[in-house]
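K.L.:
In our numbering, the protein residues as written are 60 to 259. Sending over a structure as structure tokens; questions will come in a sec.
The structure is reproduced here in structure tokens:
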């Protein structure tokens, strides 16, 4: 039990550096909230988990190999993220005076912005590496680590969606969110191709 308590404490300390960072997931959660309220944020979080959970499990088994693949395909992943961000932003701008993002859109955004974001994927093999190593000890520590991690994603993204749902001026928020999505996407691309992003 001591190991499990240590894993939970470590996870609670490390997770906020990734879960609460502004980025594509947070912007898409606010946009989803404008259309679907808190449910939109839950959908974004669920799409995120649909990729993250098996990915983290895979890392516990083949950490070195996964890192090599990420390094090799970093630029391709960045371009996929950029293309989907462009598509998502275009949807927001096509009808800026009304909520546009459905629950299905939110689920897809959560999945794509997780699965193809090399810098999210690399978080787990750098900052999050101690969590992966702890999770690999046993089934119990894996479950303890992931549950201690994932609830923060749900709370944060649902809260952002609630914020999006409370906005009265959809035209303004949609333009802002579209701009943020593209800003975050360009940052991912410039980091992948030039080693340095446009954001701090």
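Each residue gets a CB set at the ideal place from its N, CA and C atoms; glycine is no exception.
#1: In terms of alpha-carbon separation, which member of 78, 87, 242 lies closest to residue 163?
#2: Drop a sphere of 10 angstroms on the beta-carbon of residue 62, count the other beta-carbons inside from all chains shown, and report buried for 16 or more, exposed for fewer.
#3: I want to know whether the region 71-80 touches the region 197-217 - three or more CB-CB distances under 8 angstroms.
#4: Which one of 235, 70, 177 has the shortest CA to CA distance from residue 130?
#5: When DSSP labels each residue in this structure, what does residue 215 get in the three-state scheme?
#6: Do residue 160 and residue 93 have their beta-carbon atoms positioned less than 8 angstroms apart in this structure?
#7: Go through its chain and collect everything with a Cβ distance to residue 189's Cβ below 8 angstroms, but skip five positions before and after it.
#8: May I have the straight-line CA-CA distance separating residue 119 from residue 153, to the nearest angstrom?
#9: Entirely within the region 80-145 and at least 4 residues each: give me those alpha helix (DSSP H) ranges in chain order.
#10: Do the CB positions of residue 194 and residue 97 come within less than 8 angstroms of each other?
#11: Tell me whether the region 103-121 and the region 165-180 touch, counting them as touching only if at least three CB pairs, one residue from each stretch, are closer than 8 angstroms.
#12: Can you find the residues in the same chain that come closer than 7 angstroms, C-beta to C-beta, to residue 60, ignoring five residues on each side of it along the sequence?
#13: Hey, out of 205, 102, 71, whose CA is closest to residue 165's CA?
#14: Can you give the Cα-Cα distance for residue 135 and residue 202, rounded to whole angstroms?
P.N.:
According to the data block:
#1: 87
#2: exposed
#3: yes
#4: 177
#5: helix
#6: yes
#7: 69, 73
#8: 42 angstroms
#9: 83-95
#10: no
#11: yes
#12: With a pLDDT of only 45 at residue 60, under the threshold of 50, the placement of this residue in the model should not be trusted; the figure read from the coordinates follows. Excluding sequence neighbours, residue 60 sits near nothing in its chain.
#13: 102
#14: 32 angstroms
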